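To start, the structure itself, in structure tokens.
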Amino acid sequence: MRDIDYRAWSHRAADWSADYRDGVADRPVRAQVKPGDVAAQIADAAPELGEEMEAIFADFESIIPDGMTHWQHPRFFAYFTSNAAQAALVGDQLANAFASQCMLWQTSPAATELELKMVDWLRAALGLPDSFTGTFQDTASSATLCAVLTMRERALNFTGNKEGLSGKPNLRIYASGGTHSSIDKALWVAGLGQDNLVKITTGEGPLFPMDVAALERAIAEDRAAGHVPAGIVACVGGTSVGHTDNCAEICALAKRENLFVHVDAAWAASAMICPEFRHLWADVEQADSIVLNPHKWLGVPMECSLHLVRDPAMLRDTLSIEPEYLKTRTKAEPAKGEVGEITDLSSMSIQLGRRFRALKVWFLLRAHGLEDLRQRIRNHVEWAENLCERLRETDGFEIVTEPVLSLFSFRVEGDDERNLALVDAINDDGRIYLTQTKFEGRIAIRFVTGQFDMTRDDIDIAYDTITEIAAR
Ligand SMILES: *Cc1c(COP(=O)(O)O)cnc(C)c1O
Numbered sequence: 495m496r497d498i499d500y501r502a503w504s505h506r507a508a509d510w511s512a513d514y515r516d517g518v519a520d521r522p523v524r525a526q527v528k529p530g531d532v533a534a535q536i537a538d539a540a541p542e543l544g545e546e547m548e549a550i551f552a553d554f555e556s557i558i559p560d561g562m563t564h565w566q567h568p569r570f571f572a573y574f575t576s577n578a579a580q581a582a583l584v585g586d587q588l589a590n591a592f593a594s595q596c597m598l599w600q601t602s603p604a605a606t607e608l609e610l611k612m613v614d615w616l617r618a619a620l621g622l623p624d625s626f627t628g629t630f631q632d633t634a635s636s637a638t639l640c641a642v643l644t645m646r647e648r649a650l651n652f653t654g655n656k657e658g659l660s661g662k663p664n665l666r667i668y669a670s671g672g673t674h675s676s677i678d679k680a681l682w683v684a685g686l687g688q689d690n691l692v693k694i695t696t697g698e699g700p701l702f703p704m705d706v707a708a709l710e711r712a713i714a715e716d717r718a719a720g721h722v723p724a725g726i727v728a729c730v731g732g733t734s735v736g737h738t739d740n741c742a743e744i745c746a747l748a749k750r751e752n753l754f755v756h757v758d759a760a761w762a763a764s765a766m767i768c769p770e771f772r773h774l775w776a777d778v779e780q781a782d783s784i785v786l787n788p789h790k791w792l793g794v795p796m797e798c799s800l801h802l803v804r805d806p807a808m809l810r811d812t813l814s815i816e817p818e819y820l821k822t823r824t825k826a827e828p829a830k831g832e833v834g835e836i837t838d839l840s841s842m843s844i845q846l847g848r849r850f851r852a853l854k855v856w857f858l859l860r861a862h863g864l865e866d867l868r869q870r871i872r873n874h875v876e877w878a879e880n881l882c883e884r885l886r887e888t889d890g891f892e893i894v895t896e897p898v899l900s901l902f903s904f905r906v907e908g909d910d911e912r913n914l915a916l917v918d919a920i921n922d923d924g925r926i927y928l929t930q931t932k933f934e935g936r937i938a939i940r941f942v943t944g945q946f947d948m949t950r951d952d953i954d955i956a957y958d959t960i961t962e963i964a965a966r
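Residue numbers for the sequence shown follow the numbering used here, beginning at 495 and rising by one.
Listed below in structure tokens is the structure:
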């Protein structure tokens, strides 16, 4: 049997990690490899006999980093960022040391209790009332699936899990065309079907909100046709160009229609630690469920998605299953009644197994404090607005969608081909990384700031890179 010197190799990995972060800005942001380049360097099968760690580490260094796209690069302006503040990484490293499976309170009481505290810290930091509680999940896709399942079960009087959907009426869920594909997928997985996701038209920019009058008409038509409306998914800060629905109007309509509302604010909600941005989701506290990803903008490394709900009992009635082998033998005392009987957090999510995610959140929030995190987000928003104005003033460029927080989109004169060619040329250059989307049938180039360690200089480099390459 082989042993490795865990202490020595952990130190080596920590040193490598620190050097990597110090030097990441000198690497091309997007991986410059071709499909198959990495696979060609990896053995075709596992070795029968263990190899030296030295050899493994050397292969790691020579093969892997160049095959990575560097999400912690300060000039990452693509998709949405997936930040990893270094303090949070230290917390995550310690969570890895325990490597605990935190499914039940008794399988790691500290993980459950710290998680409930961190959920509550974040809830308060976002300006939400203490009527919300929740859990950390892996991704927004999972949290949204839980919300869609709750809509389903609520509409079926909690008979769907037992009886299945056969012979049941069509359950209808409403969202705008600006919502994320994870909503569509949630309906697929929940067995409701794509055809029962009713996409409502959107209104004018810059927020392109769901047309609530059209939503009301769609609900009435569905009821008249014998369908059963089950819920509405509102979007705050859509992925393409920042679509943001009017939560107040949607929640008011949902109340009249007795529908469940889930708000997907996976990216944008991190900005709600700054009170001046909260108008974008005014009245969100009237919703039943909210998802946001602290692993996007806030600085918590993947994976950490916060699912907040107003009625945890409804979520548990949808997802809790307790065979004898999972019964908790030591029930936690409810902490001053505020978290009630929620002790086994796996009863509020799809997966049974759960990582110790709260530790990295605790390290992040304590090491930086909310004020530092707010300042970073305010900078990102201001710098995106500045770049947008500079591109607007530059010949040959047009702004397609105005900034929503730190996301806007632009285009260069010419057809879609030319704009796609520009995206490719910029990303091949390596100084910055951005991605395209389609808006009103045409290609637009997205630009979003949010990388944790970026500075104003990185915006200048972005402007120079974009205009220089477009001029070629
Ligand atoms: C990123 C994003 C998602 C998907 O998030 P995952 O955590 O990757 O599942 C969903 N909705 C919006 C608005 C997003 O920005």
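For each residue, glycine too, the CB sits at the ideal point set by N, CA and C.
As the structure is a computational prediction, the values presented were derived from the model and not from experiment.
| Query | Result |
| --- | --- |
| Through-space distance from W791 to R870, alpha-carbon basis | 10 angstroms |
| beta-carbon C798 near ligand 1 non-hydrogen atom, thresh 7 angstroms | no |
| Straight-line gap, R848 to T629 (C-alpha atoms, nearest Å) | 11 angstroms |
| Euclidean distance between Cα positions of F554 and R521 | 16 angstroms |
| For A714 and Q566, the rounded distance between their alpha carbons | 48 angstroms |
| Cβ neighbours of V683 in the same chain (closer than 7 angstroms, five flanking residues each side left out) | L639 |
| Touch test, the stretch 588-607 against the stretch 725-742, Cβ-Cβ under 8 angstroms, three pairs minimum | no |
| Test item: CB-CB of L800 and P788 under 8 angstroms | yes |
| C-alpha gap between I844 and S636, whole angstroms | 7 angstroms |
| Nearest residue (CA-CA) to R868, options P541, R966 and L620 | L620 |
| Cutoff 7 angstroms; reference E887; Cβ partners in own chain excluding five residues on either side | none |
| T929 versus S900 - alpha carbon distance | 15 angstroms |
| D497 burial status per 10 Å Cβ neighbour count (16 or more: buried) | exposed |
| Beta-carbon proximity of I468 to N913, cut-off 8 angstroms | A question about residue 468 goes unanswered here, because the residues of the chain that appear run from 495 up to 966. |
| Proximity test, S635 beta-carbon vs ligand 1 heavy atom, cut-off 7 angstroms | yes |
| CA-to-CA distance, G924 to E892, given in whole angstroms | 23 angstroms |
| Close-in-space but distant-in-sequence residues of the same chain around H862 (CB under 8 angstroms, 5 per side omitted) | A579, A581 and G793 |
| Paired residues, beta bridge with H756 - DSSP | V727 and S783 |
| Contacting residues, own chain, Cβ-Cβ under 7 angstroms from W503 (five flanking each side not counted) | M547 |
| Chain-order list of residues whose beta-carbon lies under 7 angstroms from that of V833 (same chain, five-residue window excluded) | Any reading at V833 needs caution, since the residue's pLDDT is 44, under 50, leaving its predicted position unreliable; the model's value is listed next. Counting only Cβ-Cβ distances below 7 angstroms, and skipping sequence neighbours, we find L610 and T627. |
| Straight-line gap, I963 to L701 (C-alpha atoms, nearest Å) | 30 angstroms |
| heavy atom of ligand 1 below 7 angstroms from W565 C-beta | no |
| CA nearest to the CA of K749, picked from M612, A759, D777 and A618 | D777 |
| CB of T895 within 8 angstroms of CB of V735, strictly | yes |
| T961: first and last residue of the uninterrupted alpha helix (DSSP H) it sits in | R950 to A965 |
| DSSP three-state assignment for L616, whether helix, strand or coil | helix |
| Three-state secondary structure assigned by DSSP to Q587 | helix |
| Beta-carbon spacing of C729, A641 below 8 angstroms | no |
| Heavy atom of ligand 1 within 7 angstroms of W775 beta-carbon | no |
| H756, buried or exposed, once every other Cβ within 10 Å from all chains shown has been counted against 16 | buried |
| Given P470 as reference, the closest of P723, V727 and R717 once Cα atoms are compared | For the chain, the structure presents residues 495 to 966; residue 470 sits outside this window and is missing. |
| Member of V785, R646 and A519 whose CA lies at the smallest distance from the CA of A634 | V785 |
| Cβ-Cβ separation, I955 to R569 (assumed contact under 8 angstroms), whole Å | 6 angstroms |
| Straight-line gap, R966 to C798 (C-alpha atoms, nearest Å) | 41 angstroms |
| Residue interval of the alpha helix (DSSP H) (run including F551) | M547 to I557 |
| Among S814, L916, L665 and F571, nearest to D947 - alpha-carbon criterion | F571 |
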